[in-house]
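First residue of the sequence shown? That's 43 in this note's numbering, and the numbers climb one at a time after it. Using N, Cα and C, we set each Cβ at its ideal position, and we do this for glycine too.
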Amino acid sequence: MIEHNLRSNFVFAPPTDDPSAWQASTETFREALTRDFPEAFLEMSTSALRDVPVLDFEIEVEPEVFVAGTAAMPAPDYAHVSTIDVTAHAAALFARWLRDSYVPSPAGVRFLSSFVMENGDETPWSLPAAGDSMEIETVLRSHLIAARTE
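Written out as structure tokens, the structure is:
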């Protein structure tokens with residue numbers, strides 16, 4: 043069984059076969075975060091890896107549970123949001139917000155974790171199109187467990 047406090051980076055992105063599905067931009071993402079998390083820390087910067095504008099953020103997804111991350115959305119056909127050093131629980135809370143409050147179609151979110159990638163698997167999983175954060179957390183944990191059993 044995987045420990046509940048195992049931390050990983052999770053990356054959320056549109057479906058591989060439809061990279062423009064989100065029609066996302068850093069501006070609309072910033073607006074959504076500001077609307078739903080008025081106390082959010084938000085800062086624009088430039089990615090050192092890809093030389094594109096990114097939005098760094100930190101939000102409180104439930105009392106005393108913080109999620110920090112970076113959103114890169116420089117073009118309508120390129121978007122991803124990375125959460126940094128989070129538990130599956132915190133990532134699930136964020137993923138539910140992303141799916142239900144920002145992404146235009148709940149079936150349009152895939153994810154991958156750094157923990158799994160470190161084990162050589164770069165195959166994204168789909169976020170459940172419905173369900174609460176507990177159901178999402180179960181899928182995220184299954185993703186992490188799959189890396190340990192391969």
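Does DSSP classify residue i as helix, strand or coil?
i, result
"Pro56", "coil"
"Ser155", "strand"
"Glu106", "coil"
"Val145", "coil"
"His185", "helix"
"Thr180", "helix"
"Met43", "With a pLDDT of 40 at Met43, under the threshold of 50, the modelled position of that residue is not reliable, and the figure given next carries that caveat. Note: Met43 maps to coil in three-state DSSP."
Between residue i and residue j, is the Cβ-Cβ spacing less than 8 Å?
i, j, result
"Ala63", "Gly173", "no"
"Ala117", "Phe71", "no"
"Leu154", "Pro170", "no"
"Glu100", "Ala110", "yes"
"Ser143", "Ala74", "yes"
"Asp98", "Trp139", "no"
"Met86", "Pro80", "no"
"Val158", "His185", "yes"
"Met115", "Thr76", "no"
Out of the options, point me to the one whose CA is closest to residue i's CA.
i, options, result
"Ser168", "Asn47, Arg138, Arg152 and Ala188", "Arg152"
"Pro61", "Glu85, Leu97, Ser184 and Ala121", "Ala121"
"Ala55", "Ile187, Asn161, Ala137 and Asp163", "Ala137"
"Thr58", "Asp119, Arg92 and Ala66", "Asp119"
query: How about the region 47–66 and the region 122–134: do they share at least three Cβ pairs that are nearer than 8 Å?
result: yes
task: Any chance you could list the alpha helix (DSSP H) runs of at least 4 consecutive residues sitting entirely within the region 57–126, in chain order?
output: 68–78
query: Would the region 174–187 and the region 132–144 be scored as touching if the rule is three or more Cβ pairs under 8 Å?
result: yes
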